[in-house]
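*Asks:*
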Amino acid sequence: MIAAVIPAYNEEKYLKDVILKTRKFVDKVIVVDDGSKDRTVEIAKKYADITLHHVVNMGKGFALRTGFEEAIRERASKIVMLDADGQHDPSDIPKLLRALSDTELVVGSRDFEKMPLRARFANIFLSFLFRCLFGTRINDTQSGFRALKSEIYKKIKWKSNRYGVETEMLANAAKKKINYSEVPIKTIYHEIYKGTNFTDGIKIALLMAKWRFFS
Amino acid sequence: MISGIQIVLMGFSVVMVFITYNYYRRKNLEKRDLLIWVAVWVVLFLAALFPQSISFFVQNLHIERGMDFFTIFGFVFLLIVVFVLYVTVFKMQSKIEAIISAISQKEKHRKK
């Protein structure tokens with residue numbers, strides 16, 4: 015069984031579309047509403063197979079943990095994670111799942127050329143730093159569009175609730191010598207960019223050093 | 002003769018006793034916490050009023066001046082407070098996470 019985990023915080027604008035498109039490629043869509051103040055939870059209850067609701071905002075990392083643990087309870091063998099803001103195109107899911115047959119974790123790699131300039135620098139810098147610290151080349155450490163085999167969840171389980179959940183997942187995978195690969199994905203940037211900016215980049219860089227030397 | 006820094010420290014202690022009591026009155030502190038913090042401010046007040054009372058520590062710890070003793074003691078005290086707060090926040094965060102997870106499971110919605 016393949017499950018998709020979608021963490022959502024104030025995503026009433028795009029959530030319905032993301033759920034309906036994702037359902038075509040997976041068996042179950044699990045939405046974790048992370049304390050949204052808009053109609054996100056109502057939309058999720060109407061369209062997603064399972065909706066979990068956090069009464070207060072706990073951050074993307076915590077919402078992903080809630081979603082992954084639910085997917086494992088539902089006996090999913092493969093789990094896909096993607097953002098609720100419509101940035102990822104669910105039609106790329108089959109590509110990620112195909113790549114997952116040869117590896118344990120697949121990262122959807124975004125095209126940096128199309129990325130807003132302020133985010134491009136942070137992403138390139140973090141990927142470079144990741145290679146220096148963990149000795150593994152990965153072009154897009156910040157991509158939130160991934161697929162993985164559920165048996166590796168315990169090995170790569172992250173502690174971050176907010177910043178750097180994507181990076182911590184990869185750092186744990188690198189330390190546990192889990193095979194991972196990258197596939198190029200389409201990315202749709204809306205007028206408001208919610209991804210990694212310069213300040214987040216600095217925080218994640220410091221966290222990366224912590225995960226490398228103190229975890 | 003009382004120096005300027007002594008007056009500042011004594012004034013600070015009195016203000017802190019007042020603030021601590023106000024927190025207790027608003028039920029933001031328990032009686033035990035009130036007693037501990039008031040004791041801290043009273044000790045600070047007395048040490049500022051009678052600086053010679055700490056000369057025993059100053060001499061035995063080979064510290065040059067009473068002011069240096071205050072600085073070192075204050076720094077160590079702050080480190081202890083930061084450590085206790087860190088542990089408390091960590092424990093509290095774990096409890097909040099457990100509560101949020103339990104509520105999300107209880108209110109889980111399955112599409113029919």
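From first to last, the protein sequence lines stand for chains A and B.
Just so we're aligned: the first sequence equals residues 15 to 229 in the numbering used here.
Just so we're aligned: the second sequence equals residues 2 to 113 in the numbering used here.
Every residue, glycine too, gets a C-beta built ideally from N, C-alpha and C.
#1: Taking Arg151 of chain A as the reference, give the member of A:Ile202, A:Ala18, A:Ser195 with the closest Cα.
#2: Using a Cβ-Cβ cutoff of 9 Å, what residues of the stretch 52-78 of chain A are near chain B? List them in chain order.
#3: Does the stretch 98-111 of chain A touch the stretch 175-188 of chain A, meaning 3 or more C-beta pairs lie closer than 8 Å?
#4: Scan the stretch 73-112 of chain A and note each continuous beta strand (DSSP E) run of 3 residues or more that stays entirely inside, going in chain order.
#5: How long is the line joining the alpha carbons of Val39 of chain B and Thr89 of chain B, rounded to whole angstroms?
#6: Scan the stretch 87-109 of chain B for residues whose Cβ lies nearer than 9 Å to a Cβ of chain A and list them as they occur along the chain.
#7: Using a Cβ-Cβ cutoff of less than 8 Å, which residues in the same chain neighbour His63 of chain B once the five nearest sequence positions on both sides are dropped?
#8: With 7 Å set as the bound, which would you pick, yes or no: does the beta-carbon of Arg111 of chain B sit closer than that to a beta-carbon of chain A?
#9: Quick check on DSSP: helix, strand or coil for Ala62 of chain A?
#10: For a cutoff of 7 Å on Cβ pairs, would you count Thr36 of chain A as touching chain B?
#11: Per the DSSP calculation, Ser123 of chain A is bridged to which residue(s)?
#12: Given a threshold of 16 other Cβ atoms within 10 Å of its Cβ, counted over all protein chains shown, does Pro198 of chain A qualify as buried or as exposed?
#13: Please report the distance separating the alpha-carbon of Val121 of chain A from that of Asn186 of chain A.
#14: Roughly how many whole angstroms lie between the Cα atoms of Leu78 of chain A and Ser50 of chain A?
#15: Of all the options A:Asp47, A:Met222, A:Phe227, A:Lys30, which has the alpha carbon lying nearest to the alpha carbon of Gln156 of chain A?
#16: Could you tell me which of A:Leu66, A:Tyr28, A:Tyr23 sits nearest to His110 of chain B, measuring between CA atoms?
#17: Report buried or exposed for Ser105 of chain B, applying the criterion of at least 16 other Cβ atoms within 10 angstroms of its Cβ.
#18: Can you tell which of A:Val43, A:Met95, A:Asp63, A:Ile86 has its C-alpha closest to the C-alpha of Lys8 of chain A?
#19: Quick one: which chain B residues come within Cβ less than 7 Å of Thr80 of chain A?
#20: In whole angstroms, what is the alpha-carbon distance linking Ala113 of chain A and Lys200 of chain A?
#21: Can you give me the C-alpha to C-alpha distance between Leu147 of chain A and Phe159 of chain A, rounded to a whole angstrom?
#22: Put Lys42 of chain A into one of helix, strand or coil per three-state DSSP.
#23: Kindly give me the distance between the Cβ atoms of Lys30 of chain A and Ile64 of chain A, rounded to whole angstroms, as I take these residues to be in contact under 8 Å.
#24: Taking the continuous beta strand (DSSP E) assigned at Lys163 of chain A, which residues delimit it?
#25: So if DSSP puts Val19 of chain A in a beta bridge, which residue, or which two residues, is it bridged to?
#26: CB of Lys107 of chain B to nearest heavy atom of the ligand GDP: below 6 Å?
#27: Using CA coordinates, which residue listed in A:Arg53, A:Asp52, A:Val19 is at the minimum distance from Asp41 of chain A?
#28: Can you tell me whether Glu84 of chain A is buried or exposed, with buried defined as 16 or more other CB within 10 angstroms of its CB?
*Replies:* Based on what the coordinates show:
#1: A:Ser195
#2: Val55, Ala58, Lys59, Lys60, Tyr61, Ala62, Asp63, Ile64, Thr65, Leu66, His67, His68, Val69, Val70, Met72, Phe76
#3: no
#4: 92-95
#5: 21 Å
#6: Gln94, Ile97, Glu98, Ile100, Ile101, Ser102, Ile104, Ser105, Gln106, Glu108, Lys109
#7: none
#8: yes
#9: coil
#10: no
#11: A:Pro198
#12: exposed
#13: 14 Å
#14: 15 Å
#15: A:Met222
#16: A:Leu66
#17: buried
#18: Outside the displayed span of chain A (15 to 229) sits residue 8 of chain A, for which this structure offers no information.
#19: Ser102, Ser105
#20: 16 Å
#21: 23 Å
#22: strand
#23: That pair is no contact at about 16 Å.
#24: 160-163
#25: A:Ile44, A:Met95
#26: Of ligands this structure carries none, so the ligand GDP is not represented either.
#27: A:Val19
#28: buried
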